Structures are given as C-alpha cells and as structure tokens.
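In what follows, a single structure is set out as structure tokens and then discussed.
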Amino acid sequence: MQGLLARSLSGVTDSERAVPGMATVRPDGIALISGEQSVTFDEISRQASAMADALAAMMQADVPRVALMTRDQRAFLATYAACLGMGWTAVVIDPDAAPIEVARMLDLARADALVVDADSLGRLRADVPESVPRGGITIGGRPRRRESMVDRLLGRKAVHDGGWVADADLDPAPEAFLVPGTGVDDGRAAHIIFTSGTTSRPKGVVISRRALFAHVRTLARVFGYGPGAVLLNYLPFHHTDGLVHGAACGLLTGMAVVRPGKFTVEAAANLPDMLRETGATHFLAVPTMLAMVRRLHNGRADLFRTPRFRTLISTAGYLEEGFWAAFEQDYGQRIANFYGMTETVSGALYCGPDDATWRRGTLGRPIDAQTRLVDAAGRMVGRGEVGELQISGTLLMDGYLDDEIATAQVLREGWLSTGDLFRIDQDGMHVFVGRQKTIIKRGGITIYPEDVRKVIADMPGVREVEVVGVPDPVFEELIVACVVLDSGDTHDISVACNASLAVERRPDRIVLLDELPRGPSGKVQRDALLALIPAHEAVDHGAGDVRTRVFAIAEEVFKADPGEITSDATPKTLINWDSYAHLEFVTALEEAFSVRFSARDVMRLRTIGHAVETVRRLSGLA
Numbered sequence: 028m029q030g031l032l033a034r035s036l037s038g039v040t041d042s043e044r045a046v047p048g049m050a051t052v053r054p055d056g057i058a059l060i061s062g063e064q065s066v067t068f069d070e071i072s073r074q075a076s077a078m079a080d081a082l083a084a085m086m087q088a089d090v091p092r093v094a095l096m097t098r099d100q101r102a103f104l105a106t107y108a109a110c111l112g113m114g115w116t117a118v119v120i121d122p123d124a125a126p127i128e129v130a131r132m133l134d135l136a137r138a139d140a141l142v143v144d145a146d147s148l149g150r151l152r153a154d155v156p157e158s159v160p161r162g163g164i165t166i167g168g169r170p171r172r173r174e175s176m177v178d179r180l181l182g183r184k185a186v187h188d189g190g191w192v193a194d195a196d197l198d199p200a201p202e203a204f205l206v207p208g209t210g211v212d213d214g215r216a217a218h219i220i221f222t223s224g225t226t227s228r229p230k231g232v233v234i235s236r237r238a239l240f241a242h243v244r245t246l247a248r249v250f251g252y253g254p255g256a257v258l259l260n261y262l263p264f265h266h267t268d269g270l271v272h273g274a275a276c277g278l279l280t281g282m283a284v285v286r287p288g289k290f291t292v293e294a295a296a297n298l299p300d301m302l303r304e305t306g307a308t309h310f311l312a313v314p315t316m317l318a319m320v321r322r323l324h325n326g327r328a329d330l331f332r333t334p335r336f337r338t339l340i341s342t343a344g345y346l347e348e349g350f351w352a353a354f355e356q357d358y359g360q361r362i363a364n365f366y367g368m369t370e371t372v373s374g375a376l377y378c379g380p381d382d383a384t385w386r387r388g389t390l391g392r393p394i395d396a397q398t399r400l401v402d403a404a405g406r407m408v409g410r411g412e413v414g415e416l417q418i419s420g421t422l423l424m425d426g427y428l429d430d431e432i433a434t435a436q437v438l439r440e441g442w443l444s445t446g447d448l449f450r451i452d453q454d455g456m457h458v459f460v461g462r463q464k465t466i467i468k469r470g471g472i473t474i475y476p477e478d479v480r481k482v483i484a485d486m487p488g489v490r491e492v493e494v495v496g497v498p499d500p501v502f503e504e505l506i507v508a509c510v511v512l513d514s515g516d517t518h519d520i521s522v523a524c525n526a527s528l529a530v531e532r533r534p535d536r537i538v539l540l541d542e543l544p545r546g547p548s549g550k551v552q553r554d555a556l557l558a559l560i561p562a563h564e565a566v567d568h569g570a571g572d573v574r575t576r577v578f579a580i581a582e583e584v585f586k587a588d589p590g591e592i593t594s595d596a597t598p599k600t601l602i603n604w605d606s607y608a609h610l611e612f613v614t615a616l617e618e619a620f621s622v623r624f625s626a627r628d629v630m631r632l633r634t635i636g637h638a639v640e641t642v643r644r645l646s647g648l649a
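Mind the numbering: the sequence shown is residues 28 to 649 in the numbering used here, read in order.
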C-alpha cells in the first residue's frame, strides 16, 4: 500500500512539490549520522511515511499539531519530515524538561498527538496525566498489545494502551516521498518551538513554512549547505539552531547532519576523531563549547585541518573578541559568527564566512533581512549611535502561540524588537553593545529570570527573591538567585528548582540576603543588587584539608546536599553535574588551589574522589 504521505502529494505538481531553490538529492545519500548508525534519505523518507500513516489515524484536525519529545535522533528527524511533507505543525519539546514544564507546553500547544520516549511518557502519566494527549507513538518501548478481532479482520495496525502505537509496529511503507522538495511553500505553521516566557507561561514561537523555507535558502547560500556538505551539530532539537540547522537544513538541502548527542567533556575530547571520521565540512557551536574545545585541545594547531573541513560557525551567545582572536590564532581557523533569535527562525546578522561580511568583534551585516536601530522613543538613531536592534523580513515568526499581548509587545508594523542594543559603524558592521532586557544568556541558552524567580517565590519560607545574571568568562553569564528567607535554607531552594526547572535553568548560585536593595519607589535596584553578590556569595575554601575543601567546592558548584558529595559521586549520581558544570568545577578547583589541570586531568575527572587525588598531586597538599 502506498504511504499516506506519498498519497498526500500525489496531486501536487512537480513545481509545487519542490521548495524553490532547494537541491534534489540522491535517495541513497546520507541524511543522518548518529552514533554508529548512518541513515540515508530514502530510509528517513520511508520511516516518515510510516509515521505519517500511523499519526494520521489518530488525528482529526485539518492542520494537526504533532508534539515531538524524543531523544531518538532518527525518530525525531523522520517525524519532522513527516510533518513537513503532510503540512502538519511540529511542536518541539525538550525531552529532559521537568514534567511540570512539559505540561505547560502541552497545554498551550493542544497537540493532537505526541511522539515521545516511552520512559518520558511514563513520567508524564505519573506526574501530569491530565496534560498527555489521547494518542501518539512511543519510541523505545513496547506497551502491552491490545488488538480486537475487528482490527485483525480489517488489517489495522495494532493500537496500544488507549491509542498509543509502539515504534516497533511502524513498518516502513513500500513507497515513500522524497524528503527534499516536499510540501508547498505557504503560510501554514511548520513548527512551534518554545522559549521561556516573562511569566510562568512558556511562549510558543510559531514559524511558518514560508519563513522556514526562505530562511533555509539563506543559510544554504551563506554557509554552503547542500549535497556534499556534512554538518556536525551537537545542539538539541529544542534549540532553534539545533532544529533548523540539524533537521530542516538537512532535509531541505540534501546536507548530511551528524548528531552525536550532548556536547560532553568526552565529546569535546573526541572532537578531532569526530571531525575526521565523519568527514565534517561544518561545525556549529556556541561560545561555551568553543571554550571547552580550546581548554582540552590548546596547542593542537591541526584540529580543524582535515581534508574536508571548511566552516566553523559560532551562534547563540556573545563571542568575546579576545577569545575569538586567540582561538583563531591557535587553530588557524576563521570563526563565522552569526546573530539571531528563535523569533527569526535562526539567523539575521552574519559575520562571515565570506570576506565581505566578516570582521572580528562584530556580528557583520544582515542578509535577506532589514535592520534598524531605535532609541527609547522609537526614533531611528544614526551611524555610530547606540539603539535597540529591530529586524524585518520574511524570516520573522508569525507570533507567539495564542498570546496576542506578548506578540504585540515585540512585533509592530513588520518590525521585531529584539531587546538587544547595537551600534552600526561606518562600514555597516553591527556591533553588539548589551541587552535592554533582563534575560540571561548561559552557555548559549536564553533564560528568563522570571521563570526561575517564580519557582523560588512560591516556596514556603521565601519572603522575596530576585534572579539576575552575573558575567562569567566561560558561560557568558551565570544564574544567581538572591533570596530573603523567613525560614528554610538553600538546600530547600535547590530541591524545588531541581523538581521544576530544566538543568540549564537552575540557579548556579543561591545568595541569602537580609533584604533586597530598593529605591524610593520600592523597585529592586539591579545595580546595587549586583554589587552585593560578590561579598555574600564568597565561600571560604581555604580552611581544612584538600578533601574537605574539594567537597565544599563540589557542593557549591553542583548545588548538592552535603550527603550527596562522596568520593564515589559521579555525573550520574549528581543531577547537576553536566558538561558545563564540569568545566566550572575544574575552574573553581584551579582558583582555590592555585593549580592548573591538564587536558588529560579534565577528561579523566570522573568522580569527586578523582578530583581530590588530582588536586593533591598538582598542589602537593595533603
């Protein structure tokens, strides 16, 4: 039987079937490399048709929304391809988000079906059952089979557990659509991706097919994406650069995408092998990832000198000019830097890779977009003056899902207000100056302080709280919660944040104050608060033996209960020990003991006990 997705395109002409400007690719070309597995466009296409058949049987809406919440790279890519081919809307959700966060997103999206990892579905049903859609596809699990006599007689696929289908039953259709060039370039929503809101309600950014397809054409032209290109992309699919560069650009241009998973210390250490073994031509990274690479491979001048590598791209964070220059000098590799937002699909300003737009320390020029700078009154400012950046063009979002007020605050007469301050020099180069908003950028992730503040403010014993970002050389900014307590302690706050917030949004520091500094109007004075933080958050790591001091640093960095810090504690036992915290831990140890970890020391650090042994060896202390 011909797949449903292929049938949906049977009446579409060749000119309509092709996305204008997109390449036609060979079905046997590699679409995805994930772990030890490589998947061709034909295989992704066939799996997408099977996904479309299964999902269509569950959904009634004219333009259904399919929520994607899976760590399985192939399943995600196939489902996203199915949505593009069918004209459905993909709703992308972080599979590692706390259940309460997922519930908010699912409630807002009103998804008609959910593609989800079996273990995640179990947690949702246990914690927020009312938010789970009635049907969907589980990945990596085999729910108990329920099949009626009528189902067998009619040859229907077995339906499991009230409308849920196991991935093992999705036999690929014998005929399938060709992924590149599916669907029509129209105004229907291609995907919805969430950003933190300025309240506890998340904001769903709605990106139309027209905006997505046009922007992919821009990215293909700027960076050289297309058949023969191989992009190494560790960014998660719920990050706009992970989704657009890691799924849409691959499917629509014929580029192979390498998705190894999270960017861990081990991944950074193995980067040279990864670049060579996959034949990567492009590497997309955030500045924090580049800092980790430089820390582990400093002096390895041939890192990017492989037969095929062409372009190193930095995104989603401020690239400090001194670091930028040092990195390029170390490796002899130009960094192409670009600026954008989820609300602009991905990019808007491009600094490189070509000579015409590249100049270190800037964000280059707009491509396929228009920009202007305005003052607080909305008047345009002149060259060399500082103003808020506004962007216009086909790359703009349709708006925030079911939130006209939030949309109207940033979209006016076709111009998007970014909240970021820039100046444009005499050569037309855009130079980032600072942020008008209170958002925090931590490791390339945008954090809205109000989301963190509300979790803490709702706790018993908390009188008041303010959340701010403080500068950090590795992460750009760290999240600091300044709290006034009537009762309780910082451990209670950490427990609440661990339960309600994704790892990257939990406070890096919790500072207890007697009161928050306020002006005559009663408003918290942000500058005065930032000035108070260094003295109150300082921890004396100078007392005690090495073990005691290392344990104290680990407790602080990993936001852990003292009982959790043992010699055998590992990233698996400490919930906040991710790759970024790992680097922060090493840096804190180096500062406290006046030592320098080698790249090998950083990579071998697997337990708190290893940290103690390493510090003793390097410092000569007992």
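Heads up, the beta-carbon is just placed ideally off N, CA and C, and yes, glycines get one too. Remember, predicted model here, so these are calculated numbers, not experimental data.
Our two residues, D99 and E70, have alpha carbons roughly 15 Å apart in a direct line. In this structure, G461 is the residue among G461, P263, W442, R439 with its C-alpha nearest to the C-alpha of F449. Note on P476: 16 or more other CB atoms within 10 angstroms of its CB, so buried under the neighbour-count rule.
Around the Cβ of A363, a 10 Å sphere holds 16 or more other Cβ atoms; the residue is buried. When the Cα atoms are used, V507 and R536 turn out to be separated by approximately 5 Å.
Restricting attention to alpha helix (DSSP H) runs no shorter than 4 residues, the region 71–114 encloses them at 100–113, ordered along the chain. Nearest Cα to P263 within the set V119, D513, V437: V119. Beta bridge pairing from DSSP links G388 with no other residue.
Within 10 angstroms of the beta-carbon of D144 lie 16 or more other beta-carbons, which makes it buried. Under the DSSP assignment, Q397 falls in the beta strand (DSSP E) whose first and last residues are 397–401.
Ranked by how close their Cα comes to the Cα of A247, the residues A296, G349, S373, E348 have S373 in first place. In the three-state DSSP reduction, F585 falls in the coil class, being neither helix nor strand. M407 has V401 as its beta-bridge partners, per DSSP. Separation of the CB atoms of A75 and F68 is rounded to 10 Å, and the pair is thereby denied contact status at 8 Å. Contact annotation: V93 and A138 have beta-carbon atoms nearer than 9 Å. Counting only runs of 3 or more residues that sit fully inside the region 287–335, the beta strand (DSSP E) segments are 309–312, in chain order. Of all C-beta pairs linking the region 395–402 to the region 416–429, three or more are shorter than 8 Å, placing the two stretches in contact.
DSSP places G420 in the coil class of the three-state scheme, outside both helix and strand. The Cβ atoms of C509 and V479 lie no closer than 9 Å to each other. In the structure shown, the three-state DSSP call for N525 is helix. In chain order, R387 place their CB closer than 7 Å to the CB of A352, counting only its own chain and leaving out the 5 sequence neighbours on each side. When only Cα atoms are considered, A615 and I580 end up about 7 Å apart. With a beta-carbon spacing of about 19 Å, A383 and G420 fall beyond the 8 Å limit used to define contacts. Taking the Cα of I635 as reference, the smallest distance to any Cα among T593, L311, A296, D89 is reached at T593. DSSP, reduced to helix, strand and coil, places R450 within a strand of the structure shown. Going by DSSP, I394 is part of no alpha helix (DSSP H) at all; its letter is neither H nor E. Taking 3 residues as the minimum length, the beta strand (DSSP E) runs contained wholly in the region 238–267 are 257–260, in order along the chain. Collapsing the DSSP output to three states places T465 in coil.
Annotation: D430 to K230 spans about 8 Å, alpha carbon to alpha carbon.
Pairing L422 with I234, the inter-Cα distance amounts to about 9 Å.
In terms of CA proximity to V320, V629 leads the group V629, V538, I520. For L601, the three-state secondary structure derived from DSSP is coil. Annotation: A318 to T473 spans about 18 Å, alpha carbon to alpha carbon.
The beta carbon of A484 is closer than 7 Å to those of V492 in its chain, skipping five residues each way along the sequence. Here the alpha carbon of T338 sits roughly 42 Å from the alpha carbon of V159. When the Cα atoms are used, E583 and R150 turn out to be separated by approximately 29 Å.
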